[in-house]
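Peer 1:
Number of protein chains: 2
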Amino acid sequence: MYKYTGEKGILVAIDCIIFGFDGSDLKLLLVQRGIEPEIHKWSLMGGFLKHNESPDDAANRILEQRTGLNNVYMDQFQVFGKPDRDPVERVLSIAYFALIDIHKYEKQISDEYHAEWFPLDEMPSLIFDHSEMVKLAKRQLRYKAALHPILFQLLPEKFTIPQLQALYEGVYQTTFDDRNFSRKLLSTGLLVKQAEKDKQSSKKGAFYYKLDQSHYLENFESFLNLVPNPDKFF
Amino acid sequence: MYKYTGEKGILVAIDCIIFGFDGSDLKLLLVQRGIEPEIHKWSLMGGFLKHNESPDDAANRILEQRTGLNNVYMDQFQVFGKPDRDPVERVLSIAYFALIDIHKYEKQISDEYHAEWFPLDEMPSLIFDHSEMVKLAKRQLRYKAALHPILFQLLPEKFTIPQLQALYEGVYQTTFDDRNFSRKLLSTGLLVKQAEKDKQSSKKGAFYYKLDQSHYLENFESFLNLVPNPDKFF
DNA sequence: ACAAAAGTGTTGTTTTTACACCCATGC
DNA sequence: GCATGGGTGTAAAAACAACACTTTTGT
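Residue numbers (numbering that gives the first Met the number 0), protein chains in the order written: chain H, 0 to 233; chain F, 0 to 233.
1) GLN75/H bridges to which residues according to DSSP?
2) Kindly say whether LEU10/H, judged by its beta-carbon, lies nearer than 7 Å to any beta-carbon of chain F.
3) Using 8 Å as the Cβ pair cut-off and three pairs as the minimum, do the region 60-69 of chain F and the region 78-92 of chain F touch?
4) Does DSSP put ILE61/H in a helix, in a strand, or in coil?
5) Please list the partners that ILE93/H has in chain F, where partner means a Cβ-to-Cβ separation under 7 Å.
6) Taking C-beta to C-beta, are PRO161/F and TRP41/F nearer than 7 Å?
7) Return the residues of the region 35-57 of chain F that lie within a Cβ-Cβ distance of less than 7 Å from chain H, sorted by chain order.
8) Look up PRO123/F in the DSSP assignment and say whether it is helix, strand or coil.
9) Since ASP177/H is in the beta strand (DSSP E), which residue starts that stretch and which ends it?
10) Per DSSP, what kind of secondary structure is GLY5/H in: helix, strand or coil?
11) Under 7 Å, Cβ to Cβ, is there at least one residue of chain H near TYR104/F?
12) Does any residue of chain F bring its CB to less than 7 Å from the CB of ASP74/H?
13) Evaluate THR173/H with the Cβ neighbour count: other Cβ atoms within 10 Å of its Cβ, from every protein chain shown; 16 or more gives buried, anything less gives exposed.
14) Thinking C-beta only, is LEU28/H closer than 7 Å to ALA114/H?
15) Could you tell me the alpha carbon to alpha carbon distance between HIS214/H and PHE232/F, rounded to whole angstroms?
16) Note down, in chain order, every chain H residue with its Cβ under 9 Å from the Cβ of TYR215/F.
17) Going by DSSP, what residues sit across from GLU115/F in a beta bridge?
18) Tell me the DSSP secondary structure of HIS219/H in three-state form.
19) State yes or no: is the beta carbon of LYS196/H nearer than 7 Å to at least one beta carbon in chain F?
20) Quick check: is the beta carbon of ASP230/H nearer than 7 Å to any beta carbon in chain F?
21) Would LEU43/F and TYR72/F be called neighbours here (beta carbons separated by less than 7 Å)?
22) Counting pairs of Cβ atoms below 8 Å between the region 50-61 of chain F and the region 135-142 of chain F, do you hit three or more?
23) Here's the rule I'm using: 16 or more other beta-carbon atoms within 10 Å means buried, otherwise exposed. How should ALA165/H be labelled?
24) Can you give me the start and stop residues for the beta strand (DSSP E) that LEU210/F sits inside?
25) Distance check for PRO227/H and HIS50/F, CA to CA, integer angstroms please.
26) What do you reckon, is the C-beta of PRO54/H under 6 Å from a heavy atom of the ligand ADP?
27) Given that a residue counts as buried once 16 or more other Cβ atoms are within 10 Å of its Cβ, and exposed if not, what is GLN199/F?
28) From the DSSP output, in three-state form, read off ASP230/F for me.
29) For a test of the three-state rule: what should DSSP assign to ASP128/F, helix, strand or coil?
30) Using a Cβ-Cβ distance cut-off of 7 Å, determine whether VAL87/F contacts chain H.
31) Residue range of the alpha helix (DSSP H) that GLN172/H falls in?
32) Can you tell me which of ILE101/F, ILE149/F, LEU163/F puts its alpha carbon nearest to the alpha carbon of PRO118/F?
33) Checking the sheet assignment: what are the DSSP bridge partners for SER42/F?
34) Strictly under 7 Å for the Cβ-Cβ distance: is TYR112/H near chain F by that measure?
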């Protein structure tokens with residue numbers, strides 16, 4: 000058989016920018032790097048692509064190995080490939096952003112791995128070009144979330160409209176008019192009202208909603224105008 | 000110094016999906032593959048990523064080597080990485096789509112290289128997973144063009160509104176109301192009317208427009224609603 | 001004078017925004 | 001009974017879609 004002789008391979012890594020939302024702040028999950036150089040410095044969760052797996056498989060494997068999570072929403076968003084981005088040797092990185100429900104996994108993550116959630120405005124400095132990756136992932140998250148209903152992935156199965164609004168406000172670092180916000184979200188037809196209320200955050204209590212899964216999957220690619228004047232965020 | 004011992008590199012290729020517009024059809028530039036296996040079969044324009052260049056640099060180099068074009072609009076849009084996508088050995092491909100003015104370079108390309116423009120609905124079968132790449136590139140083009148003024152890259156410096164409309168209609172395979180179309184495009188403030196007319200396509204002649212370059216660059220990231228009901232195209 | 005494409009204007013509908021009040025409950 | 005957040009309604013403005021006629025000029 001043929002070979003592409005004369006060509007030498009390049010190391011390929013996967014790095015995951017993992018977003019979580021604790022009810023008021025958008026956070027990022029960082030780990031302390033376990034190998035030299037820069038061992039013990041904060042870094043994105045990453046790993047090398049193996050020879051028998053696709054990048055998507057690798058991203059899922061890495062996330063599962065390090066956090067125990069699977070079936071997590073992930074989007075491949077950019078290859079970072081400056082020749083000198085890793086001082087050790089050339090490594091290409093395929094970056095993914097992931098959205099997880101922070102509450103479901105919070106303890107599990109902190110206990111079993113050297114991982115920690117950081118609010119976006121209190122991030123430590125990161126190795127290599129990881130800060131650049133985070134910057135672009137935030138941008139990509141805002142971009143995609145303005146058009147598609149991805150932020151639900153950051154909430155528990157049952158959530159209230161005020162929670163949802165707090166999430167959108169966290170992502171865009173602004174405030175939205177509550178009447179218009181709830182009308183807009185309800186008009187998507189994606190939400191199914193539940194009988195119970197969440198009484199945590201107010202005396203009156205706010206009704207829980209769930210996602211209408213089939214509606215969600217069908218309409219996922221539609222352009223929704225979920226954020227007023229999205230222009231100003233870019 | 001450190002090394003990531005135990006890790007073996009992977010070949011990384013760049014493949015370019017190159018779109019052109021001839022005034023009525025959207026076309027794709029394909030080349031006859033010059034190496035085994037599948038030599039002489041139609042393929043996307045591609046090449047291996049070299050050890051001292053970034054993927055973006057490589058994409059530009061490959062396009063320039065093979066077509067003589069530089070300063071071409073390109074967007075990195077997806078990594079294709081199934082382990083068996085190339086039967087020879089494992090090759091990861093970073094796919095770019097490129098938009099070029101077909102007229103400016105038409106002769107140059109056909110003469111100097113084994114390259115040829117194919118209308119999208121008359122494409123030959125392609126090697127490996129290149130047909131899949133094309134499919135996703137078309138989708139990505141439609142997606143991005145609905146929101147951002149990228150299609151101008153397919154036209155000459157001076158163009159008329161009817162030409163622009165034909166282009167949009169070609170990309171979305173539909174027709175748009177001409178009154179609404181021109182109003183919408185003119186309202187972006189991106190177009191600068193020229194004194195001359197194009198008399199090729201009608202007796203009356205249509206005024207030429209140019210892009211307002213500074214306005215174009217400033218507003219590039221804005222969300223523009225350039226295509227009515229974009230939902231239906233996805 | 002007529003055919004062919006360019007260009008322009010209006011109206012009704014829908015969407016979006018801005019804004020103010022009542023409701024339910026725990027204390 | 002009152003403070004707190006949750007929920008709903010309405011009206012003005014803007015954006016959009018649908019639609020029809022006039023203009024130019026080469027033949």
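The beta-carbon is built from N, C-alpha and C at its ideal position, and this holds for glycine as well.
Peer 2: Let me spell this out:
1) TYR95/H
2) yes
3) no
4) helix
5) VAL78
6) no
7) GLU35, PRO36, PHE47, LEU48, HIS50, ASN51, GLU52, SER53, PRO54
8) coil
9) Unbroken run through ASP177/H is the alpha helix (DSSP H), 177-186; no beta strand (DSSP E).
10) When secondary structure is reduced to three states using DSSP, GLY5/H falls in the coil class, being assigned neither helix nor strand.
11) no
12) no
13) exposed
14) yes
15) 18 Å
16) In chain order: nothing, as chain H lies at least about 15 Å away.
17) LEU29/F
18) The amino acid occupying residue 219/H in the given sequence is Phe; His does not appear at that position. Reduced to three states, the DSSP call for PHE219/H is coil.
19) no
20) So, interface residue.
21) The Cβ atoms of LEU43/F and TYR72/F lie no closer than 7 Å to each other.
22) no
23) Around the beta carbon of ALA165/H, 16 or more other beta carbons lie within 10 angstroms, which makes this residue buried.
24) 205-210
25) 44 Å
26) As presented, the structure is devoid of all ligands, the ligand ADP included, so that no description of it is given.
27) exposed
28) helix
29) coil
30) Judged by the 7 Å Cβ criterion, VAL87/F is in contact with chain H.
31) Where GLN172/H is concerned, there is no enclosing alpha helix (DSSP H), given that its DSSP letter is neither H nor E.
32) ILE101/F
33) DSSP lists VAL30/F as partners of SER42/F.
34) no
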